[in-house]
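S.K.: My questions will all concern the structure given below.
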Amino acid sequence: MDIVAHTLWAGAGMAVLARRRPVRPATVAATMALAALPDLFQMLPVLAWWWFGSGSFEAVRAFAIAMPGQEPVLPALVKTWSHELHCAAHSAVVAGVVTLLLWAWRRTLWIPLLGWWSHIVIDVFTHSADYYASPVLYPFTERGFDGIAWITPWFMVLNYAALAATGLWLLARRRARSRSCPRVPAVVPHGIGGRS
26 MDIVAHTLWA GAGMAVLARR RPVRPATVAA TMALAALPDL FQMLPVLAWW WFGSGSFEAV
86 RAFAIAMPGQ EPVLPALVKT WSHELHCAAH SAVVAGVVTL LLWAWRRTLW IPLLGWWSHI
146 VIDVFTHSAD YYASPVLYPF TERGFDGIAW ITPWFMVLNY AALAATGLWL LARRRARSRS
206 CPRVPAVVPH GIGGRS
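All residue numbers in the sequence shown are consecutive under this note's numbering, ending with 221.
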C-alpha cells in the first residue's frame, strides 16, 4: 500500500481506539509515523548516497516511484543496504522481536507499534509477487505472499473510497456522540455545589 494510505489507516485505527480509551495526541502522531516508517526506512541509504556521495536528487526521486524492474542504477552497497532495510522494516519477525523487547522493558504494549504492525499486515495482502512482495518472514526467507498490487487502479480507488467512508463514519459517530452527551458547564453557577 502507498505511504499516505498506510498513515491514514493508522490514524483511523487510533480514532477508533480513542473512542474506547483516552489516547494522547503524541501517541496518535507516533503511531501514524510508525505506519509510514517502513517505506521511508529503505530510502535512507539512497538519501545518504545523494547527500554524501555522487548520487542525485533525480535518482532519489526515481527510486521512490520506481516500478519493479525500473529502479535507477544504484551503487551495489546502496542497493544492498536499501534492500536489507526494506526487508527488516517489513518483517513480522523483526517487529516481533522489537515488540517483545519493548514489552519486557515497559511491561506493557507500546501502542505506537500498532502503526508498524498495521503496515506489515496490510502490505502482506497489498503487494503481489511481481510488485515488491513483503518479506514478512525475513531473515528466514525473503519470499512474500502473492497479494493484490496496491498500485492496481481499481484497488487504489477502492482503498481510498474505504478510507473516505471510514472517515465519514468516524465523523458521524463523533457528532452523534457530542449531541447525545451534553457538555458539562466549565464553571459551576453561583450557589450550587460550593460556598455562596
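No residue lacks a Cβ here, since even glycine has one placed at the ideal position from N, Cα and C.
1) Tell me the residue span of the alpha helix (DSSP H) that contains E96.
2) Let me know the alpha helix (DSSP H) ranges lying completely inside the stretch 133 to 205, each 4 residues or longer, listed in chain order.
3) Under a Cβ-count criterion, where at least 16 other Cβ atoms within 10 Å of its own Cβ denotes burial, should I90 be classed as buried or exposed?
4) Determine the extent of the alpha helix (DSSP H) in which R131 is found, giving its start and end residues.
5) Look at M68 and A35 and say whether their C-beta atoms are less than 8 angstroms apart.
6) On a Cα-Cα basis, can you pick out the residue from V118, V146, F180 and T124 that is closest to T166?
7) Ends of the alpha helix (DSSP H) at M92?
8) In this structure, how does DSSP classify G78 when only helix, strand and coil are distinguished?
9) For V103, does the three-state DSSP call read helix, strand or coil?
10) Which residue comes first and which comes last in the alpha helix (DSSP H) that contains D27?
11) Note down the Cα distance separating V146 from A129, rounded to an integer number of angstroms.
12) Using the C-alpha atoms, what's the distance from A189 back to F180?
M.R.: On the basis of the supplied data:
1) Segment: none, E96 is in no alpha helix (DSSP H) and carries neither H nor E.
2) The stretch 133 to 205 contains these whole alpha helix (DSSP H) runs: 138 to 150 and 178 to 205.
3) Answer is exposed; the Cβ neighbour count stays below 16.
4) A117 to R131 is the span of the alpha helix (DSSP H), which, as asked, contains R131.
5) Their beta carbons are not under 8 angstroms apart, which means M68 does not touch A35 by this criterion.
6) Closest option to T166, judged by alpha-carbon separation, among V118, V146, F180 and T124: V118.
7) Run containing M92: none; DSSP gives neither H nor E here.
8) Reduced to three states, the DSSP call for G78 is coil.
9) When secondary structure is reduced to three states using DSSP, V103 falls in the helix class.
10) First-last for D27: undefined, no H or E at that position.
11) Looking at the two C-alpha atoms, the distance is approximately 23 angstroms.
12) Straight-line Cα distance between these residues: approximately 14 angstroms.
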